[in-house]
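Numbering (my numbering), first residue to last: 39 to 479. Read the structure below first, then the notes.
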């Protein structure tokens with residue numbers, strides 16, 4: 039049977055005169071698969087006039103040849119064993135050269151015996167090792183999902199598990215020799231629900247956010263943290279400790295904080311966004327000695343994180359519940375009144391004034407200036423800075439019935455007949471003379 043010629047004609051006008059049958063020297067390669075199809079180059083003489091090439095009795099396909107007749111390229115047909123290759127031209131048939139059809143051994147059937155580990159997370163990515171025989175060139179599926187095979191040899195496969203829903207799934211190894219399942223398969227473990235053991239800190243923030251928060255617990259890997267409906271930026275997550283940035287929120291609101299992982303969602307407390315502070319009861323007291331030191335109180339709302347200033351001096355705060363501030367009145371200048379302000383991360387608000395008492399000044403001395411020894415009369419003293427005064431007659435303290443910053447009235451105490459005593463006015467700001475009192479005989 040004639041072979042099919044696919045190449046261009048071999049240019050007979052340029053051929054060397056070769057009146058004899060063709061001569062074959064070698065075939066390269068001289069072996070190939072039983073299915074044929076490989077390219078074989080024949081070398082010899084007088085090959086340019088070839089009309090047929092046979093591998094045994096099977097015709098080959100002529101592809102090309104050189105015009106001088108030294109080489110001929112053919113496609114080997116299917117066959118078996120060792121056969122004679124011959125070339126036929128109009129001058130006859132060449133001598134044979136040997137060509138061997140190779141027998142390819144079938145791939146052994148895979149026999150996986152074990153997988154390590156036998157379980158892992160549903161997210162996949164778990165490194166695994168499968169041992170057994172006949173595993174070279176394998177692909178692996180976990181419950182139908184294709185695994186990433188990193189390396190395979192006849193007795194081992196290494197790779198990474200794919201993602202899959204929780205549960206036990208078959209693990210199938212496929213090679214050119216067939217498919218087989220790994221005994222026991224692989225179990226995908228559902229993630230454990232997150233647990234918060236220490237709720238979020240801090241629990242208050244300015245509306246702009248930006249502070250750092252922490253949450254402590256277990257099984258926190260892969261968590262997202264939301265403040266209300268806003269997702270926070272997480273800067274670190276060890277599985278037991280989450281740190282991140284507090285997002286912005288609405289002033290005066292409190293939002294729930296939740297932690298969500300593949301295992302579920304759990305509460306992590308609340309975050310309160312501070313509003314502008316509101317003072318509902320201004321500072322008490324409103325007067326102080328210049329040395330300060332007294333205790334003040336301010337009542338209101340959204341007072342958390344407040345500082346209190348008297349003029350330009352910051353007071354020491356001893357307690358702050360968010361609605362009640364207590365602290366120590368700082369020192370001030372006698373005879374001055376300063377504004378008191380409350381400042382929080384939410385803003386600044388007035389809390390009244392503080393007046394620092396000056397030294398008392400008597401502008402109109404005590405009247406009357408004479409009394410019976412039994413006392414009992416009413417006296418008056420006029421001046422400034424008289425708030426909080428005590429009045430003494432010699433060493434005897436009088437009973438005061440009225441006391442404003444400019445007027446004192448009271449009861450003249452008893453005294454010794456025929457004596458004159460000094461009358462003094464004492465306030466937290468100091469002491470001043472208010473004249474004398476003469477007790478009659």
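Heads up, the beta-carbon is just placed ideally off N, CA and C, and yes, glycines get one too.
In the structure shown, the three-state DSSP call for residue 85 is helix. Taking a C-beta distance under 8 Å as the contact criterion, residue 275 and residue 298 do not qualify as a contact pair. Here the C-alpha atom of residue 199 lies approximately 27 Å from the C-alpha atom of residue 233. Between residue 452 and residue 423, the C-beta spacing is not below 8 Å. The criterion of a C-beta distance shorter than 8 Å is not satisfied by residue 357 and residue 351.
Where residue 178 is concerned, the enclosing beta strand (DSSP E) starts and stops at 177-180. If you draw a 10 Å sphere on the C-beta of residue 143, you find fewer than 16 other C-beta atoms in it, and that means exposed.
Scanning its chain for C-beta atoms nearer than 6 Å, with the 5 sequence neighbours on each side dropped, one finds around residue 217 the residues 210, in chain order. Within the same chain, 251, 253, 295, 306, 307 come within 6 Å of residue 238 by CB-CB distance, once the 5 residues on both sides are set aside. At the C-beta level, residue 353 and residue 347 come within 8 Å of one another.
Judged by DSSP secondary structure, residue 150 falls within the beta strand (DSSP E) whose first and last residues are 149-154.
Put simply, of 400, 67, 196, 243 the residue whose alpha carbon is nearest the alpha carbon of residue 289 is 243.
Under DSSP, residue 202 forms no beta bridge with any residue. Secondary structure note for residue 167: its beta strand (DSSP E) is the uninterrupted segment 165-171. Counting along the chain, the unbroken beta strand (DSSP E) around residue 335 starts and ends at 333-339. Distances from the alpha-carbon of residue 58 to those of 148, 181, 322, 131 put 131 closest. For residue 388, the beta-bridge partners assigned by DSSP are 379.
Taking C-beta atoms under 8 Å as the contact rule, residue 439 and residue 449 qualify, at a distance of about 7 Å.
Using a C-beta cut-off of 8 Å, the stretch 384-395 makes no contact with the stretch 453-460, since fewer than three inter-stretch Cβ pairs fall below that distance. In the DSSP assignment, residue 298 falls within the beta strand (DSSP E) that extends over 291-299. In the three-state reduction of the DSSP assignment, residue 140 falls in the strand class, which pools E and B. Around the beta-carbon of residue 118, fewer than 16 other beta-carbon atoms lie within 10 Å, marking it exposed. Cβ contact annotation for residue 393 (same chain, cutoff 7 Å, sequence separation greater than five): 324, 325, 375, in chain order. Comparing alpha-carbon positions, the option among 139, 465, 170, 140 lying closest to residue 154 turns out to be 170. Around the beta carbon of residue 145, fewer than 16 other beta carbons sit within 10 angstroms, so the residue counts as exposed.
Taking the Cα of residue 189 as reference, the smallest distance to any Cα among 110, 409, 111, 173 is reached at 173. Within the stretch 307-367, no alpha helix (DSSP H) run of at least 4 residues lies entirely inside it.
Leaving aside the five residues that flank residue 186 on each side, the residues in its chain whose CB is nearer than 7 Å to its CB run, in chain order, 197, 198.
Taking a cut-off of 8 Å for Cβ pairs, the stretch 125-141 and the stretch 72-90 touch, as three or more such pairs fall below it. In this structure, DSSP gives residue 275 an extended state, which the three-state scheme calls strand. Distances from the CA of residue 192 to each of 271, 410, 215, 81 were compared; the closest alpha carbon is that of 215. Under the three-state reduction of DSSP output, residue 189 falls in the strand class. With distances taken between CA atoms, residue 133 lies nearest to 65 out of 247, 476, 65. Assignment of residue 146 by DSSP, reduced to helix, strand and coil, places it in the coil class.
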